[in-house]
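Everything on this sheet refers to the single structure shown next.
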């Protein structure tokens, strides 16, 4: 069990590239923290700094209130599960799991007991004699986890452990990790790029982009009150719908106008808007597909022409085009429709929808921040894909090769 | 010793586990050996059966063949003419004619001479002026040489003859089925296609047969003669002596008359020690340096590697000869050490027996480490980095990481190279000869051998200086046997002791 | 708990390791370079031809080189070795690549047998067959004065056995390339020349390099075949003689000059093509 604190942690490489800017986070004992974000957002780098595999450029990391910046990984009493499992290929499963214990000179009767226990928990007791090559992906992953839990570490680090598994196995292993967590009360820090994993596993989620923290919160907080456009678009499938709408004051509150339909802004947002010094004239309205109410009879609401319908089994995903050309995604639960409505839905080419007012989110179009969240972080600008400096092309259109300098 | 249950086995500490494996290995060994020995008659029998079938095949081809095929047994190419394979027919016929001509004119006489290797070497008669006229008659060397060549020509011809009747038979069967046999033009074209290997391999193989196979065969025969300085053609003859040379070389008699055997044993032991130490010292030290250079955070990697690689670039004879002079009694190293008053007398780096052996191994490090460094660097870069990271988190020190991750990986990938390196070192002529010439020479040894001589350098001296060809041949054969046995043993042990598939 | 235990600072440990390695590597680099620096000094030493007890020359001069070129047979040795090297570069490359390709790409009856046979042949010490080869060459008249063509023939003839590294390289080229070409209608020889060879640039250069460099350093065979005929020596045999007891006092520095003169082009070539050498060795040799 351990408390982990990161204070203004920054990671900059020799060539000037900053992978992590000013990362601060307080992790409670036995908390399950998920670091999530797209590739290159700095989540793995942060994890590796906590593990001691990367040097910290500036800032402090402490475990149980002791600063560990300069401590060897093995002294930090942590365990890590790698994306590629990192199993020692020439040792048996038993030896792989026992490796760390043997290094610490634990008496071998104790090792035997602990290994068997871990194998029992993970259901790999019959595999103890095999070599990694003879195991399937899921089995290898369990061995990797076994190797970590047998050490009874203070902090349990996991670096995208499910990325190499197929979809079905991934769902299965997700459930097992939740079960595992119930059996072992330790602090977990988990890195993934999959937002479903983040939502199902984490007590709290840290969303990152380009080395910055976008938001820290519980899954529910992130889902209902995303701090900026990036978080709003990242969390939840299908993705939230965004509309560019004018914001106008009306009486005590505010109103947004979407395609000639007026919707009232909820009170809690109005309160926040009032606190602001200046308000933008146009805002980005964010509404999740399930919060766009479809009128099955086809009369009320904003009209849109259906372009694509995806039959998901119990629900229908409708991709439709509004009158102003904007695409919108809608979700309709089929069970909620009467047979007649179902038929009409599937056959017609138009759909009418309206906004569920209390679920709307308003974002500042300039920096993407949620206007109702006081300390929201702006979305960093997208950098163009990195090209080596000064690529030039000759007449035929082939790039002229320049000697690359080693970093 | 009985096998433990899996869980019990795994529960043992590593040391006990290894002992257990070794115990099981040895207890099963007699059983395995016996099983292997039992297989030998089985394999021999299988071989005999195959030979039998081969001859039966020829018999069938004759019996089943039509008149054309039967005639082709005698006149090669006969059948081909009538089956529209004129090109092939002509080639076969020419070859038969040339062979018959050769055998009649030369071949038979050489073969005959092989049994005695000549009866009279020279006749010295007096001509009418009373001066001695020397007439050269039988030359043992020539007889042996030409005899061997003839044997190979006969073998070659027999093989061609077999091809001839086989082709005939196949063509006959094809014609019976109504298919037209391949024409000559087709043959030429297929030489560029499915039969490309024949085109590609024919010249190299010819070269190998001429300049490797025949010489080796020839030398093996020499080992059974008494060809040395006292039996030098064309003045003298040499003849067959059976296994006598081997007896001389391998006798266990310690008395003076078998100094040869004593020398042989001593040199053999030193050769083995040399090969082992040289190979493994280079291997591990080269690996160590490669790891150092490759470590994260070390700059100038390329510079260090280039400096070391330079020693490979400079021709060995230059560097080795130079270093040998540097360490000579009058050499620069001794001079500098004396000047700096580290020593008072010269150190016989290369002239004292034990010190010379050590120096030779050390200088070999200087020569050999760059190669190993290159090879190991390539492999090092391929080991997945997260294995090391995981070990670091588990608490493995640098040494533990080396023994548990780097070393097993290295051994797996470079295992075959180690073996070839070992056998190459057994025959490492340059390093020893150029450094010491085999010195310090000692009277204990026969045949002018010295304390740092390897079998191969001794072989060289016996040939060039002593003209003792017969003993040289014997040594060559024995070296081959040593190398072959070691290679066989290691190849057969490796799947049992190492687990190759783990790393795929 | 571990918190109370003292721990060694990670960065301090890394720094000490790094310093240790730098020191070690520098020392090693110096040791490795010493003989060559010595060689250069000696080659340019003006005073006295024998070995002396000091390192740094008192007089620098080109005298040794003058003697080398004008008063000895060095130039003819050099010419000999150069000719051998050039012929060998071509012949050996052709043969090795042919054999390696045939064994790697084509499957025919007796292939395994052939490979095993060559493996066993290779276990005989090379020098053994040299004696008989010498006699065969004498038969054809390619020894002594004609040692140069004789050596070329010998090197080329047995070079087929050294196919391992090239074959290892060919094995890594996917067979699907061949198959695609054959479906397109190419014959195997066309596949060989038009498709595989262009892709095999690294190994071709490696083979040419090794074939060119080898004759410069061969002492064993050259000494046997050209025995007694000084004009037919290669550089190794010729220079060797200058270091024996009768000659060393007059020829040591000349030897150094000769050694330097031989080393420089070979080394330069090697360094320029180093990349291919490394690729060849690590790619072909260790795949096993």
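Residue numbers (the working numbering), protein chains in the order written: chain A, 1 to 407; chain B, 408 to 911; chain C, 912 to 1199.
In this text, a Cβ means the ideal position worked out from N, Cα and C, and glycines have one as well.
What you are looking at is a predicted structure, and each value in this text was computed from that prediction instead of being measured.
Residue range of the beta strand (DSSP E) that includes residue i
i: residue 217 of chain A; result: 212 to 217
i: residue 59 of chain A; result: 58 to 63
i: residue 21 of chain A; result: 18 to 27
i: residue 361 of chain A; result: 361 to 363
i: residue 462 of chain B; result: Here residue 462 of chain B belongs to no beta strand (DSSP E); instead the alpha helix (DSSP H) covers 421 to 471.
i: residue 350 of chain A; result: 350 to 355
Simplified DSSP state of residue i, which is helix, strand or coil
i: residue 532 of chain B; result: strand
i: residue 291 of chain A; result: helix
i: residue 574 of chain B; result: helix
i: residue 244 of chain A; result: strand
i: residue 91 of chain A; result: coil
i: residue 225 of chain A; result: coil
i: residue 1140 of chain C; result: coil
i: residue 1153 of chain C; result: coil
i: residue 404 of chain A; result: Low confidence applies here, because residue 404 of chain A scores a pLDDT of 43, under 50, leaving its location unreliable and the question unanswered by this model.
i: residue 183 of chain A; result: helix
Beta-carbon neighbours of residue i, restricted to chain C and to distances below 7 Å
i: residue 70 of chain A; result: 920, 921 and 922
Start and end residues, alpha helix (DSSP H) containing residue i
i: residue 310 of chain A; result: Per DSSP, residue 310 of chain A belongs to no alpha helix (DSSP H); it is in the beta strand (DSSP E), 302 to 311.
i: residue 1160 of chain C; result: 1159 to 1183
i: residue 1041 of chain C; result: 1037 to 1051
i: residue 616 of chain B; result: Taken as a continuous stretch (DSSP letters only), residue 616 of chain B belongs to no alpha helix (DSSP H), as it is neither H nor E.
i: residue 431 of chain A; result: This structure cannot settle anything about residue 431 of chain A, because the visible part of chain A is limited to 1 through 407.
Bridge partner(s) assigned by DSSP for residue i
i: residue 319 of chain A; result: A:308 and A:329
i: residue 33 of chain A; result: A:189 and A:204
i: residue 1026 of chain C; result: In DSSP, residue 1026 of chain C forms no bridge with anything.
i: residue 158 of chain A; result: A:81 and A:190
i: residue 71 of chain A; result: C:920
i: residue 112 of chain A; result: DSSP, once it has assigned bridges, lists no residue as partnering residue 112 of chain A.
i: residue 370 of chain A; result: A:363
i: residue 258 of chain A; result: A:261
i: residue 282 of chain A; result: A:246
i: residue 563 of chain B; result: According to DSSP, which records beta bridges pairwise, residue 563 of chain B is partnered with nothing at all.
Contact list for residue i against chain A, beta-carbon separation under 9 Å
i: residue 706 of chain B; result: The contacting residues do not exist; residue 706 of chain B stays about 10 Å from chain A at best.
Contact list for residue i against chain C, beta-carbon separation under 9 Å
i: residue 52 of chain A; result: 921
i: residue 711 of chain B; result: 936, 937, 939 and 940
Straight-line Cα distance separating residue j from residue i
i: residue 404 of chain A; j: residue 683 of chain B; result: Reliability fails at residue 404 of chain A, whose pLDDT of 43 lies under 50, so the model's placement of it is uncertain and the value that follows must be treated cautiously. Rounded to the nearest angstrom, the two C-alpha atoms are 44 Å apart.
i: residue 885 of chain B; j: residue 872 of chain B; result: 21 Å
i: residue 849 of chain B; j: residue 536 of chain B; result: 51 Å
i: residue 250 of chain A; j: residue 265 of chain A; result: 10 Å
i: residue 929 of chain C; j: residue 697 of chain B; result: 14 Å
i: residue 86 of chain A; j: residue 437 of chain B; result: 40 Å
i: residue 666 of chain B; j: residue 674 of chain B; result: 12 Å
i: residue 834 of chain B; j: residue 681 of chain B; result: 10 Å
i: residue 228 of chain A; j: residue 207 of chain A; result: 11 Å
i: residue 143 of chain A; j: residue 795 of chain B; result: 17 Å
i: residue 381 of chain A; j: residue 97 of chain A; result: 44 Å
Within chain B, partners of residue i - CB distance below 8 Å
i: residue 1127 of chain C; result: 722
i: residue 925 of chain C; result: 704
i: residue 1100 of chain C; result: 599, 600, 603 and 606
i: residue 1121 of chain C; result: Under the 8 Å cutoff, chain B gives no residues; its nearest Cβ is about 11 Å from residue 1121 of chain C.
Chain A residues whose Cβ lies nearer than 8 Å to that of residue i
i: residue 812 of chain B; result: 88
Residue i Cβ short of 7 Å to the ligand MG heavy atom set
i: residue 352 of chain A; result: This structure lacks the ligand MG, and indeed carries no ligand of any kind.
Beta-carbon neighbours of residue i, restricted to chain B and to distances below 7 Å
i: residue 112 of chain A; result: 418
i: residue 971 of chain C; result: None at all; the shortest Cβ gap to chain B is about 18 Å.
Within chain A, the residues that residue i reaches when beta carbons sit closer than 7 Å
i: residue 815 of chain B; result: 90
Listed by chain order, chain C residues near residue i by CB distance under 8 Å
i: residue 679 of chain B; result: The premise fails here: residue 679 of chain B is roughly 15 Å from chain C at the closest Cβ pair, so nothing lies under 8 Å.
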